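Number of protein chains: 2
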Amino acid sequence: MKRFRIQQSGQGEQDRQLMFSLVNAGRAIEQRLEDALAGVGLSLAKFGALTHLMEAGEPLNLSECAKKMTCVRSNITQLMDRLEADGLVRRVDDPQDRRAVRAAVTELGAERQAAGAKEVAKVQAALAATLNGTDHGALQRALSAIK
Amino acid sequence: MKRFRIQQSGQGEQDRQLMFSLVNAGRAIEQRLEDALAGVGLSLAKFGALTHLMEAGEPLNLSECAKKMTCVRSNITQLMDRLEADGLVRRVDDPQDRRAVRAAVTELGAERQAAGAKEVAKVQAALAATLNGTDHGALQRALSAIK
DNA sequence: TATAGATAATTCATATATGAAACGTTTTCG
DNA sequence: CGAAAACGTTTCATATATGAATTATCTATA
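Heads up: the protein sequence lines correspond to chains D and C, in order.
Quick note: the first sequence uses our numbering, first residue 99, plus one each step.
Quick note: the second sequence uses our numbering, first residue 99, plus one each step.
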């Protein structure tokens, strides 16, 4: 005798679920990062900017910052205003190009970035623990396909 | 003879990669949804609010909206201002509680929500295609663990 | 070389989000 | 009953993000 599956979810419903789970997981991790970084006086945006500047090892044009952070330049203008107000970055003139402004990390900024990196590492470890029953390689491959 | 693995990434580095891939994947999907919804005059925030109201089938308190959308109430105040300016929602008095304001979807709002749902379905289908070599069940379970 | 176009940064308007403070209304309880 | 607490919404200040318009400077070329 033929049975009808009760509570069956169609493929479309599962796809929708998966899509929103991806969005929600991303947001949840962002929130964990924001919370952890708030403990050392940083936001994720500020930490990201400081990290790119530290990795570059030298002051960067605001346009270069925008490229590295994949955002528009007017966003960087404002972010640098806030970082400068916090004393974490200084705007310096570019002697080669008088249109340009370069962002230099201050000593306090470098310390703050290092403290932030420790907080990020904790979130990262907690996430790894959460995902300990998962094939990390497969997950990484799936996520990398999403552009 | 013992070999040294060149270019080996430590576990920590892979964990960091995975964490940021999750954040980036979530943002990428949000961006796809924003782009698709922009085509019918909606943002993801507006579509979400309209969808919750349509699912409820009746006007909802702004506080109830905030709870469903997991955001603070002042955010809903502003979102409703914009939805009202668009003619997609109307604020109506709650006769039971004179403090409360309820959001009612207009006819135009209902049409717009339906159009948005079609756009969302397209994004969803494209994502499913992108993930066609992946074990959706395993991915869903991993994502659901992230809170 | 003069100028037209490209480029760097900022300003402004706007959208989305949070959290604190203010305000009116409702509920609770001494 | 009446005061205090709780509740619902809004307002304000702020952070983050986008995109258009503006200003200053630089570069290429007619």
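From the three backbone atoms N, C-alpha and C, an ideal C-beta is built for every residue, glycine too.
Nothing here was measured: the structure is a model prediction, and the numbers come from that model.
Worksheet item: Can you list, in chain order, the residues of its chain whose CB lies under 6 Å from that of S107 of chain D, leaving out five sequence neighbours each side?
Response: none
Worksheet item: What first and last residue would you give for the alpha helix (DSSP H) that runs through R171 of chain D?
Response: 171-183
Item to complete: Note down, one range per segment and in chain order, each beta strand (DSSP E) of at least 3 residues found wholly within the region 158-242 of chain D.
Response: 187-191, 199-203
Worksheet entry | C-alpha distance - R114 of chain C paired with L148 of chain C, whole-angstrom precision | 36 Å
Worksheet item: Is the region 125-139 of chain C touching the region 199-206 of chain C, taking contact as three or more C-beta pairs under 8 Å?
Response: no
Fill in: Cut-off 8 Å between Cβ atoms - residues of its own chain near E182 of chain C, not counting five sequence neighbours on either side
If we look at E182 of chain C and ignore the five residues flanking it on each side, its Cβ neighbours are R188, R189.
Worksheet item: Which whole-angstrom value describes the C-beta separation of S242 of chain C and L241 of chain D, a residue pair presumed to lie in contact below a C-beta threshold of 8 Å?
Response: So it is not a contact: roughly 15 Å between Cβ atoms.
Worksheet entry | Burial state of I104 of chain C (16 or more Cβ within 10 Å) | Bear in mind that a pLDDT of 47 at I104 of chain C, under 50, signals an unreliable position, so the number given afterwards is only what the model happens to contain. Exposed is the call here.
Practice prompt. Within its chain, find whatever has a CB closer than 7 Å to the CB of C163 of chain C; leave out the 5 residues flanking it on each side and keep chain order.
Written response: A147, H150, I174, A201
Item to complete: Can you give me, in chain order, the residues of the region 233-245 of chain D that have a beta carbon less than 8 Å from any beta carbon in chain C?
Response: D233, H234, A236, L237, Q238, R239, A240, L241, S242, A243, I244, K245
Worksheet entry | M152 of chain C vs Q211 of chain C beta-carbon contact at 7 Å | yes
Fill in: Alpha-carbon to alpha-carbon, E128 of chain C and K245 of chain D
11 Å
Practice prompt. Indicate whether V138 of chain D and E217 of chain D have their beta-carbon atoms separated by less than 7 Å.
Written response: yes
Worksheet entry | Short Cβ contact (7 Å threshold) for Q222 of chain C with M117 of chain D | yes
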